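Comments concern the structure below.
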Amino acid sequence: MIKTFRLVFLSVLLISPILLAAQTARLRLGSVLPANSLWDRSLKEMANGWQQATDGRVRLQVRPSSGDEATLLRRMRMNNPQVAALSPLGLQEIDEAFSVFGVPFFFESEAEAVQVLEDLTPRLRAVLAENDLVLLNWGHGGWAHIFSDTSIATLDDLRRAKLFTSAGDDGAVNWYKENGFQPVPLALTDVLMGLNTGLIDAYPSSPYSALVFQWYRQTSHMLDVPLAPLFGATVISQRAWQRISAADQTAILEVAANTQQSIFVEVFEQDAEAVREMQTRGLNVTGVDQSQVAAFRSEAENLTASWRGSMVPADIYDAAVEARNRYRNR
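With this note's numbering applied, the sequence shown has no gaps in its numbers, which climb one by one up to 734 at the end.
Shown next as structure tokens:
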């Protein structure tokens, strides 16, 4: 009997690693991104890459247009879906730390913003881990510009607009009101409805987003001043991640990193093409000279300095400033 028990025990020890290596994961990815958009296509390419890199052990079904992100995150906690591609607004639903990239005029260039993102990644990865999420890669939506139904060239012009802001962010809504703006909080999925009904008449968006979401049809003007980068992220629940073997986790992260690298290049090509396409359909691009940009930036920076400690955690804000200054002084 003892010998039999030992044989069974040894068999389990020998077989367990084999079973672990062979374990499979069937995952679903939700997002607010439109079907057949650049981001949707890149996610589907990533899904194919996961399947190939893991010999079919990890399969990912991408589901675009999965509803608003607050609902998506709630569903993730119930394990359906297990993976999500989140916009900046979705990340801010998780933690205010991600609001640091939305501070207008905080960054002077794409290279500077990307360097700060890289420097802050360990901190932000830890923030996600505290919320039982694993960072797979960063996404990029381009840079936000102001789209509006009438021409906007100054902050005073913007104060007269009914401006879309993210629903659920009471701090941002109050900040806008205190500084003379007219914020209208909506879910991202309700922006088109808000434009069609006149509830809002201005919003920050990348050109490509304005095109693929069809928002531009109600807003014939774009201010040609980049405000902030739109960094998103693809995340997976800790629960689902732990079901995947270490070797397959490594393979998945490698594919995800390649997807990130591609999207960070392609999004700018898509933005430029989107502007050209929308101009053929009546979009007016409001250009400003360098002195106007400097005045816009100066006033905006004075206003957004109050974000530290209120809309962005002080430690994250300070870390971003330190990383930004380090880049500028390199």
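By construction, the Cβ of each residue, glycine as well, lies at the ideal position given by its N, Cα and C atoms.
Since the model is a prediction, treat every value here as computed from it, not as a measurement.
key: Rounded straight-line distance, which links the Cα of Y607 to that of N729   = 29 Å
Same chain, Cβ closer than 6 Å to A457, five either side skipped, listed in chain order = The residues are A655, V659.
message = Taking 8 Å as the cut-off, does the segment 641 to 652 touch the segment 526 to 544 (at least 3 CB pairs, one atom from each stretch)?
response = yes
task = Answer yes or no: do W542 and F668 have a C-beta to C-beta separation smaller than 9 Å?
result = The answer is yes: Cβ separation under 9 Å.
message = Taking the alpha carbon of S793 as the reference point, which residue from Y721, V520, L634 has its own alpha carbon closest?
response = Shown here, the chain extends from 405 to 734; a query on residue 793 therefore has no answer.
Segment limits, beta strand (DSSP E) that includes W547 = 537 to 552
query = Over what stretch of residues does the beta strand (DSSP E) that includes G735 continue unbroken?
reply = Look at the range of the chain in this structure, 405 to 734, and you will see that residue 735 is not part of it.
key: Residue of V504, L687, T663, N484 minimising C-alpha distance to P492   = V504
query = P587 lies in the alpha helix (DSSP H); which residues open and close that run?
reply = Counting along the chain, P587 falls outside any alpha helix (DSSP H), though it belongs to the beta strand (DSSP E) covering 586 to 590.
inquiry  = Under 8 Å, with one C-beta from each stretch per pair, do the segment 692 to 701 and the segment 481 to 495 reach the 3-pair mark?
reply    = no
query = Which whole-angstrom value is the C-beta distance of P587 and T558, which I expect to be below 8 Å?
reply = Rounded, the Cβ-Cβ distance is 18 Å, inconsistent with contact.
task = Identify, in the order they occur along the chain, each residue of the same chain with its Cβ nearer than 8 Å to the Cβ of S714, setting aside the five sequence neighbours on each side.
result = G575, W579
ask   = Would a C-beta distance cut-off of 9 Å place Q683 and L442 closer than the cut-off?
value = no
ask   = Out of curiosity, what's the CA-to-CA distance linking Q519 and A724?
value = Approximately 10 Å between the Cα atoms of the pair.
task = Spatial neighbours of I419 within its chain, please: CB distance less than 7 Å, with the 5 preceding and 5 following residues excluded, ordered by chain position.
result = Summary for I419: the model assigns pLDDT 44, below 50, so the residue's position carries little reliability; its value from the coordinates is reported in the next sentence. Here the set comprises nothing.
query = Taking C-beta to C-beta, are T708 and F509 nearer than 9 Å?
reply = yes
query = Nearest-angstrom Cα distance between A565 and L490?
reply = 27 Å
inquiry  = I need the straight-line Cα distance from G545 to F672, nearest angstrom please.
reply    = 9 Å
key: Inside the segment 466 to 525 only - beta strand (DSSP E) runs reaching at least 3 residues   = 487 to 490
message = On a Cα-Cα basis, can you pick out the residue from Q665, V679, L596, P468 that is closest to Y612?
response = V679
message = Can you check whether the C-beta of A489 is within less than 9 Å of a C-beta belonging to chain D?
response = The structure shown has no chain D; it contains just one protein chain.
key: Minimum C-alpha distance to L495 - residue among S469, E703, V436, E516   = Scanning S469, E703, V436, E516 for the CA closest to the CA of L495 turns up V436.
inquiry  = On the DSSP bridge list, what partners appear for P608?
reply    = I550
key: Straight-line Cα distance separating E677 from I556   = In a straight line, the C-alpha of I556 is about 22 Å away from that of E677.
ask   = What do you reckon, are the CB atoms on F585 and L603 nearer than 9 Å?
value = no
Identity of the residues DSSP links to A632 by a beta bridge = A548
task = Return the CA-CA distance between T601 and A439, expressed in angstroms with no decimal places.
result = Spanning the alpha carbons of T601 and A439 requires a straight line of approximately 24 Å.
query = Is L559 helix, strand or coil when you go by DSSP?
reply = helix
ask   = Which residues in the same chain have their Cβ closer than 8 Å to the Cβ of L524, if we skip the five residues on either side of it in sequence?
value = V504, I720, A723, A724, A727
ask   = Measuring CB to CB, does M626 end up less than 9 Å from H549?
value = For the pair M626 and H549, the CB atoms are nearer than the 9 Å cut-off.
task = Whole angstroms is fine: what's the gap from E514's alpha carbon to L521's?
result = Each residue's alpha carbon lies about 10 Å from the other.
query = Using DSSP with H/G/I as helix, E/B as strand and the rest coil, what is R621?
reply = helix
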